[in-house]
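Note that the protein sequences, when read in sequence, are chains S and V.
Going by the working numbering, the first sequence opens with residue 1, and the numbers climb by one from there.
Going by the working numbering, the second sequence opens with residue 112, and the numbers climb by one from there.
The C-beta atom is built at its ideal place from N, Cα and C for all residues, glycine as well.
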Amino acid sequence: GQQVMQIPQYQHVQEGEDFTTYCNSSTTLSNIQWYKQRPGGHPVFLIQLVKSGEVKKQKRLTFQFGEAKKNSSLHITATQTTDVGTYFCARAKTSYDKVIFGPGTSLSVIP
Amino acid sequence: DSGVTQTPKHLITATGQRVTLRCSPRSGDLSVYWYQQSLDQGLQFLIQYYNGEERAKGNILERFSAQQFPDLHSELNLSSLELGDSALYFCASSVGPRNEQFFGPGTRLTVL
Numbered sequence: 001g002q003q004v005m006q007i008p009q010y011q012h013v014q015e016g017e018d019f020t021t022y023c024n025s026s027t028t029l030s031n032i033q034w035y036k037q038r039p040g041g042h043p044v045f046l047i048q049l050v051k052s053g054e055v056k057k058q059k060r061l062t063f064q065f066g067e068a069k070k071n072s073s074l075h076i077t078a079t080q081t082t083d084v085g086t087y088f089c090a091r092a093k094t095s096y097d098k099v100i101f102g103p104g105t106s107l108s109v110i111p
Numbered sequence: 112d113s114g115v116t117q118t119p120k121h122l123i124t125a126t127g128q129r130v131t132l133r134c135s136p137r138s139g140d141l142s143v144y145w146y147q148q149s150l151d152q153g154l155q156f157l158i159q160y161y162n163g164e165e166r167a168k169g170n171i172l173e174r175f176s177a178q179q180f181p182d183l184h185s186e187l188n189l190s191s192l193e194l195g196d197s198a199l200y201f202c203a204s205s206v207g208p209r210n211e212q213f214f215g216p217g218t219r220l221t222v223l
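Given below as structure tokens:
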């Protein structure tokens, strides 16, 4: 099926440590989107990746799209308490395809 | 503030009842999406509309229906409610079907 998997499910880090979450698809992706949801909040769009091997940076966040376009990663350098939340990847193969969100990685940052 | 509005914010009702959730997309956005998020669960895609037409369907129960009106606002109707329907329902909008989505604050539905 058109599954999107994310690992890990949960991650607890000490403030200042790095964090990485991985998104894996069973099928080739045309694009991948990343969203962040703070506790009690709604998902907020972070970025969209389209090209094979693409790497994009937003301050301490680095997003990568695999060469085979079947996986993606989000890396946070030197985590801060403001990074707490659940990070979701999402994909839709075409504009007529249902949107599939990964199960998310919940990040806790210990001050 | 994403620009997407959802009403009501909270809804408490009883099993067997019917409710309507409303969503107004960002100005200029033609696509509207509905999602269900149960406690500590991920986002389950329900349905997507584009400029008034149904574009994609997810795991939406037959008891649930939705529509997008000519002014582009959307409503999600949930009927014969069950305890398991208690969840946070998000609406999102985007310019087009594959663009970034802007989520509303959600409607928290509690079925007693």
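Given this structure, state the Cα-to-Cα distance separating residue i from residue j, to the nearest angstrom.
i, j, result
"arginine 133 of chain V", "glycine 66 of chain S", "38 Å"
"valine 84 of chain S", "threonine 62 of chain S", "16 Å"
"asparagine 162 of chain V", "valine 115 of chain V", "16 Å"
"glutamine 128 of chain V", "glutamate 15 of chain S", "47 Å"
"valine 222 of chain V", "glycine 169 of chain V", "22 Å"
"tyrosine 10 of chain S", "proline 181 of chain V", "42 Å"
"threonine 131 of chain V", "tyrosine 144 of chain V", "15 Å"
"alanine 92 of chain S", "glutamine 64 of chain S", "17 Å"
Along chain V, in chain order, which residues have C-beta atoms closer than 7 Å to that of residue i?
i, result
"proline 103 of chain S", "Gly153"
"alanine 78 of chain S", "Here the premise fails: no neighbours, minimum Cβ distance about 26 Å."
"alanine 92 of chain S", "Arg209"
Does the distance from the C-beta atom of residue i to that of residue j stay below 7 Å?
i, j, result
"phenylalanine 213 of chain V", "arginine 166 of chain V", "no"
"phenylalanine 156 of chain V", "valine 99 of chain S", "yes"
"tyrosine 200 of chain V", "glutamine 159 of chain V", "no"
"serine 197 of chain V", "leucine 172 of chain V", "no"
"serine 142 of chain V", "proline 216 of chain V", "no"
"asparagine 24 of chain S", "asparagine 71 of chain S", "yes"
Check the Cβ of residue i against every Cβ in chain S and list those closer than 8 Å, keeping chain order.
i, result
"lysine 120 of chain V", "In chain order: nothing, as chain S lies at least about 12 Å away."
"glutamine 159 of chain V", "Lys98 and Val99"
Got a sec: is the Cβ-Cβ distance from residue i to anything in chain V below 7 Å?
i, result
"histidine 75 of chain S", "no"
"phenylalanine 65 of chain S", "no"
"phenylalanine 45 of chain S", "yes"
By the criterion of Cβ-Cβ separation under 9 Å, what are the contact partners of residue i in chain S?
i, result
"proline 216 of chain V", "Gly41 and His42"
So is residue i in contact with chain S if we call contact Cβ pairs under 7 Å?
i, result
"glycine 114 of chain V", "no"
"glycine 163 of chain V", "no"
"phenylalanine 156 of chain V", "yes"
"glycine 139 of chain V", "no"
"alanine 177 of chain V", "no"
"alanine 198 of chain V", "no"
List the residues of chain V that residue i touches, going by C-beta distances under 9 Å, in chain order.
i, result
"phenylalanine 88 of chain S", "Gly153 and Leu154"
"glutamine 3 of chain S", "Within chain V, no residue comes near glutamine 3 of chain S; the closest Cβ sits about 12 Å away, beyond 9 Å."
Could you check whether the Cβ of residue i sits closer than 6 Å to any heavy atom belonging to the ligand MG?
i, result
"leucine 46 of chain S", "For the ligand MG, the structure offers nothing, since it holds no ligand at all."
Report the CB separation of residue i from residue j in whole angstroms; it is logged as a contact under 8 Å.
i, j, result
"threonine 81 of chain S", "valine 44 of chain S", "About 17 Å separates the two Cβ atoms, so there is no contact after all."
"leucine 192 of chain V", "alanine 177 of chain V", "Not confirmed; about 15 Å, so no contact."
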